[in-house]
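Only one structure is covered here, and it is reproduced in the block below.
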Amino acid sequence: MLTDQRAILNRDIPLEIAGLYLLVLALAIGLTIWGYRSSGSRGEKILRLTAGGLCLLGLAVSAYIAYHAVIVNSPIQCASTGGGCELVEKSKYAHFLGIHLSIYGLIGYSAILIVTSLRGDNARVAAFGLSLFGFCVSILLRYLELWQIHASCQWCVASAFLMTSLLIVNSARMFGFFGLDDYDFEEEDESGGPAEAAPAT
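In terms of this note's numbering, the sequence shown opens at residue 9 and continues consecutively.
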């Protein structure tokens, strides 16, 4: 079962690259647990900073792909012995509505970064919704790679891991802090401690 797909991954995703993916995911999960278990403004700040860092990495990946595929029209290089990047790039699935998928990636990560910088329930819902949408798109694209193109692009898989990490972080932010007032990170209460968030009315 899934023998062909495992063979594609073994061929196109070297162990050192897979290890790097897992390291980033593990760091994101660790920071998410830390932020979720931290109380008050500090916890959400950890989650927002984590999400912001992941968005910047996602923008870097999307920008690299866009530069090679759209601007200079040169082959996308895979690291180490992987060779699926060029096959995926040349496939008919690399564009949607005439626009290269990397452009959508730039738009998506930028949108998540913007709502990550904002506070309040609307921002929490937007960050969660955008991350969930991006995660679903990533799953669809991985299906197309493994079952239709029969190749796997390391940069695309990296983006999928980043979007998965964003979904984890923004899920924690959504379900752990929804319904709380905006935090004031600088204000202190009369006792001299950090201001506590109160449930929204």
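Don't be surprised by glycine CBs; every beta carbon is placed ideally from N, CA and C.
Asked	Found
Closest residue to I21 among R150, G43, R56, L55 (Cα-Cα distance)	R150
Host alpha helix (DSSP H) of G214 (start-end)	With the chain running from 9 to 209 in the structure shown, residue 214 is simply not present.
DSSP-derived helix/strand/coil call for R56	helix
Contact set for A77: own chain, Cβ-Cβ below 8 Å, skip 5 residues either direction	I84, E97, A102, H108, S110
Those residues which DSSP pairs with F104 across a bridge	I107
Alpha carbon of I73 to alpha carbon of R56, nearest angstrom	26 Å
CB of L114 within 9 Å of CB of C161, strictly	no
F104 classed as buried or exposed, judged by whether at least 16 other C-beta atoms fall within 10 angstroms	exposed
Beta-carbon gap between L39 and L121 smaller than 9 Å	no
Residues near T215 by beta carbon distance below 7 Å, same chain, minus five either side	What is shown of the chain runs 9 to 209, which leaves residue 215 out entirely.
I147, DSSP secondary structure in three states	helix
Beta-carbon proximity of V80 to A166, cut-off 9 Å	no
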